[in-house]
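Working notes, beginning with the structure itself.
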Amino acid sequence: MKTNLITPEGYRQLQQEHDHLWHEKRPEITKIVSWAASLGDRSENADYTFNKRLLRQIDRRVRYLRKRLPDLKIVEYCEQQAGKVYFGAWVEIENEQGDIKRFRIVGPDEIYERKDYISIDAPMSRALLGKQVDDEFSVHTPEGEKTWFINSIEYCI
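Those letters in the sequence shown? Residues 1 to 157, per UniProt numbering, in order.
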């Protein structure tokens, strides 16, 4: 089950995606489908077939967003978070081999198309919650237990 948390930026992006799909993209594709359908035999009409499939994908995504957006809880930064890892934090970690990773802990709806975001539901995020700079923590991975150290914690305000 996905966590229903989201950053204010993430919520705005999902709302903008919904609005773009519903008010711009869908009407555009609907016009193309109507035009292609008016040409006659739909079974051999590539424009009709392709755009009808695209319209179904748009409708599926709009339905998902309409169900998901009301369920999401926007998490704003608060002063009590300073110095510790919580939702919305940018964290830099390092392992014993000197490998450094930097990422932001966000909701599961925000991680797509971003390599530097990880879900609050990920094992790494769960292991980090409540930790401070210079803390050591372990994460269970398919290769075994991995140990990391926290170098820095930042919040975008």
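Don't be surprised by glycine CBs; every beta carbon is placed ideally from N, CA and C.
Within 8 angstroms, strictly: CB atoms of residue i and residue j
i           : j           : result
residue 104 : residue 116 : yes
residue 133 : residue 118 : no
residue 148 : residue 94  : yes
residue 54  : residue 17  : no
Inter-residue spacing [alpha-carbon to alpha-carbon] between residue i and residue j
i           : j           : result
residue 27  : residue 5   : 31 angstroms
residue 75  : residue 11  : 10 angstroms
residue 56  : residue 131 : 44 angstroms
residue 8   : residue 136 : 30 angstroms
residue 22  : residue 47  : 21 angstroms
residue 97  : residue 81  : 29 angstroms
residue 41  : residue 24  : 27 angstroms
residue 151 : residue 100 : 9 angstroms
For residue i, the first and last residue of its enclosing beta strand (DSSP E)
i          : result
residue 43 : Run containing residue 43: none; DSSP gives neither H nor E here.
Classification of residue i by the beta-carbon crowding that lies within 10 angstroms, buried from 16 upward
i           : result
residue 112 : exposed
residue 123 : exposed
residue 110 : buried
Residue range of the alpha helix (DSSP H) that includes residue i
i          : result
residue 30 : 26-37
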